[in-house]
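Set out below in structure tokens:
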């Protein structure tokens, strides 16, 4: 019973949060709502017994990704209201409604496949994190390493794209050479 | 209704996916578009985790794990590009990015 | 021997192609000499073949190659040289060679000199195919070929609108008759299973009379078009717009005789349906009188000669219709010689008179043009049928045939026509060469044609004189394939009365013509007002009749059809194009470069695929539902 209560509560909360994200005119509200939604999703993971995943969700998504978006928002100066041309609501909601309906029909249809071969069965005796570790570092090792490299590449890409004046290294310069100018809200280093 | 089955989670996932689609179609500010994409990815994660739980299979959780990793790196690169574009044109509204017309 | 057949057949083609190389160039003498030389070789080959056939040699059959071999239909490109075709070959090559040489002089100052010889030789080639072919399909190829070349040659001076109009009239009229001929050919194939002459004619006695009658009628209608019998006759007079050598070759000796050739060739068929034969003969007699009547008053030299041709064609059809095929062929041969000679002489007169054609404006040309006068007079004498020239042996023979076969009406008609023929021929000669000089006041000073042209015409004159003496040899040769009926009038008295009477009648007509026209000729205004005169002069108003009742309605119908074509066919095609274009323009909006739009379209695509997946996966369930809800489906 608790599971049902928890499920419905978090379901409603998540839906509302995400709805706010996509419909509000204030960028800050959208960001906040998205962050909240992420947290509530992690609740689902905990209900489903995927503890490790839930923790990762909070740390990575809500922590890192939302922080990135927050910095981005500051950079683009979108704390003001968004000016958006409201396209036809009917088409938008209609289309996605239909898509959602189709998917629900597909999922809800009584098509049950027999003989599903389970790749990596969950052993209920071990804790989730331990189990995840065991599978991740043995069966999924290669994807793990590749993901790591990809993250490295993304990191470097992000730095290169967004950095400015990278031909000079602050740490290797003398104190006097560093001239700090204050310009409006910017700090520029020559 | 009381007994939460796989169907419930899948319906929830679909609902969130639909909301994500709405956001993708509606938003013209590129940053907001990224938010909607995050929603899509999250809804799919729920579905994976739910199936993994109800079929007693780790593959779902592993997949969700990698989706999170991918999403993170995608955000990083995407924001970087967005910054370069903003520096160049000063505008991140979709309606102004029509150089691919025709 | 086959070699000679091929030489005779293909030399004109080679000549034509050679001259065609120079088609767009300025006049070069070689374009005239080479085709003439090649045609001469064709003539020599034909002579060799004639000698071969006459001395009892075998008929030569060759099959060049297969044209169509589909299912049960087998049509080869086959040629045969038998007694009938070798006669035709001789006529065609003789007259063609002479006309070619004549044309070198006649077309001397013409810009289209090279083109002319190309067309002329192409015509001869088509005619040779026509006469040498051994099946109806080959005949038809030649038939159409001569029609085409006739069109090209009549409309040779294509800048003149009346020339192009006449060419179109000739071609279209021929085409209409060709439809009937095609139907006849289809009937032949349908009922006998083959288009080869020998096989088809062998199978014909087994068919019922009704089928044969229809077959014969349709084939004859085709012949009517080519040989300008009523009602397909108006094109022949208008065809005089072409150069005179063309008239000499095509509209005297060769193309118009193709119809007669067809009837002669199909004699096994027409022997089985004597009623149709009687109709042919009656029509021929009618045309003979009809054409002669129009020539009596005409004021255009070439038209008079054209009507004369038409009249003599009627004679030929009388003979063929009454079953005297060898007589028809003989008259064809003799007529070709003296009619071609008449036309060539008229060409000389035309050139001398600077293209003036009205005899009322000529007169006393005999002083300056002795050679032409002698030759044209000889030709006219032959045409009138005076003993011992060629016309007597052929034309009077036809009169005898009519008498012997007890068709007295036809005989009377032909007799009267003979008188009229003599009258108008010598009316022409008298007005042109004798009488008072009416041309000097118009500033025309005539001179004789080039010597070599007269030399070229001379063989025709000789043949016109002596052709009658060939009759015995010809009869012996040709009756090996044609029915050998001899026409004897049993009572010798009747025979002599007839012959002498005919001769006297003709001589009287000639004398009357000379009396009236061989002296001072004034235009008779009073006569010109008489209604009968006007009817004759206007060709019985038949051209006007055709124009009002056939051409105009057809033109209106064409205009209506054009409207339909524009509004329906064009509109449909444009509509389809418009739909595609419109679809393109509408979907162009998809590519506006806007990411938001693209994302929306992406969702649409996702939706479509989801629906497809659902439907496809549940196809069986959906089908069951549908068949239970709508009982009519499936089952």
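Residue numbers (the working numbering), protein chains in the order written: chain A, 202 to 391; chain B, 33 to 134; chain C, 8 to 642. We put the CB at the ideal spot given by N, CA and C, even for glycine.
Ordered along the chain, which non-local residues of its own chain (more than five positions away) have a Cβ less than 8 Å from that of residue i?
i: residue 93(B); result: 80, 81, 84
i: residue 106(C); result: 127, 252, 255, 256, 347, 351
i: residue 56(C); result: 8, 11, 12, 15, 67, 88, 93, 96
i: residue 199(C); result: 206, 207, 210, 211, 214
Kindly indicate which residue of the options has the alpha-carbon position closest to the one of residue i.
i: residue 178(C); options: 441(C), 153(C), 593(C); result: 153(C)
i: residue 256(C); options: 345(C), 183(C), 306(C); result: 345(C)
i: residue 41(B); options: 305(A), 344(A), 332(A), 359(A); result: 305(A)
i: residue 261(A); options: 107(B), 91(B), 78(B); result: 107(B)
i: residue 235(C); options: 593(C), 275(C), 204(C), 183(C); result: 183(C)
i: residue 651(C); options: 492(C), 432(C), 601(C); result: Since the first residue of chain C shown is 8 and the last is 642, residue 651(C) is not available in this structure.
i: residue 263(A); options: 88(B), 101(B), 90(B); result: 101(B)
i: residue 205(C); options: 273(C), 408(C), 399(C); result: 273(C)
i: residue 336(A); options: 112(B), 91(B), 116(B); result: 91(B)
i: residue 457(C); options: 354(C), 549(C), 567(C), 501(C); result: 354(C)
i: residue 537(C); options: 558(C), 388(C), 187(C), 304(C); result: 304(C)
i: residue 328(A); options: 252(A), 238(A), 227(A); result: 252(A)
i: residue 38(B); options: 113(B), 119(B), 111(B), 88(B); result: 88(B)
DSSP three-state label for residue i, please.
i: residue 372(A); result: helix
i: residue 76(C); result: strand
i: residue 319(A); result: coil
i: residue 498(C); result: coil
i: residue 200(C); result: coil
i: residue 67(C); result: strand
i: residue 328(A); result: coil
i: residue 208(A); result: helix
i: residue 322(C); result: helix
i: residue 29(C); result: coil
i: residue 282(C); result: helix
i: residue 212(C); result: helix
i: residue 118(B); result: helix
i: residue 83(C); result: strand
i: residue 125(B); result: strand
i: residue 304(C); result: coil
i: residue 140(C); result: strand
Which same chain residues end up closer than 7 Å to residue i when comparing Cβ atoms and leaving out the 5 residues on each side of it in sequence?
i: residue 255(A); result: 243, 246, 247
i: residue 129(B); result: none
i: residue 644(C); result: Outside the shown range of chain C, which is 8 to 642, sits residue 644(C), and nothing can be said about it.
i: residue 607(C); result: none
i: residue 19(C); result: 45, 46, 49, 128, 131, 132, 135
i: residue 520(C); result: 430, 433, 434, 437
If the cut is a Cβ gap below 9 Å, which residues of chain B does residue i touch?
i: residue 346(A); result: Those within 9 Å of residue 346(A) in chain B number zero; the least Cβ separation is about 12 Å.
Can you pull the chain C neighbours of residue i, defined as C-beta to C-beta under 9 Å?
i: residue 105(B); result: The premise fails here: residue 105(B) is roughly 21 Å from chain C at the closest Cβ pair, so nothing lies under 9 Å.
i: residue 320(A); result: Chain C residues near residue 320(A): none, gap ~24 Å exceeds 9 Å.
Residue i touches chain B at which residues, Cβ-Cβ below 7 Å?
i: residue 330(A); result: Residues of chain B passing the Cβ test: none, with the nearest at roughly 11 Å.
i: residue 580(C); result: Under the 7 Å cutoff, chain B gives no residues; its nearest Cβ is about 28 Å from residue 580(C).
i: residue 215(A); result: 48
Determine the chain C residues that contact residue i at a beta-carbon separation under 8 Å, and present them in chain order.
i: residue 303(A); result: 614, 617, 618, 621
i: residue 111(B); result: Here the premise fails: no neighbours, minimum Cβ distance about 17 Å.
i: residue 299(A); result: 614
Residues of chain A with CB under 7 Å from residue i, in chain order?
i: residue 116(B); result: 362
For residue i, go through chain A and note every residue whose CB falls closer than 8 Å to its CB, in chain order.
i: residue 120(B); result: None at all; the shortest Cβ gap to chain A is about 12 Å.
List the residues of chain B whose Cβ lies closer than 8 Å to the Cβ of residue i, in chain order.
i: residue 251(A); result: 81, 84, 85, 93, 96
Go through its chain and collect everything with a Cβ distance to residue i's Cβ below 6 Å, but skip five positions before and after it.
i: residue 339(C); result: 264, 267, 323
i: residue 56(B); result: 68
i: residue 485(C); result: 90, 333
i: residue 113(C); result: 252, 354
i: residue 346(A); result: none
* To do: Give the residues from the region 34-47 of chain B that approach chain A closer than 9 Å (Cβ to any Cβ), ordered along the chain.
  => Within the region 34-47 of chain B, the residues whose Cβ lies closer than 9 Å to some Cβ of chain A are 34, 35, 36, 38, 39, 40, 41, 42, 43, 44, 45, 46, 47, listed in chain order.
* Asked: If contact means a Cβ-Cβ distance below 8 Å, which residues of the region 583-614 of chain C contact chain A?
  -> Listed in sequence order: 603, 607, 610, 611, 613, 614.
* In chain order, what residues of the region 217-235 of chain A put their CB closer than 8 Å to some CB of chain B? -> Answer set for the region 217-235 of chain A: 219, 220, 222, 223, 224, 228, 231, 232, 235.
* Check distances from the C-beta atoms of the region 47-74 of chain B to those of chain C and list, in chain order, the residues that come in under 7 Å. => Correct list: 53, 56, 57, 60.
* Which residues, in order along the region 245-278 of chain A, keep a beta-carbon less than 7 Å from a beta-carbon of chain C? -> Contact annotation: in the region 245-278 of chain A, no residue has its CB less than 7 Å from a CB in chain C.
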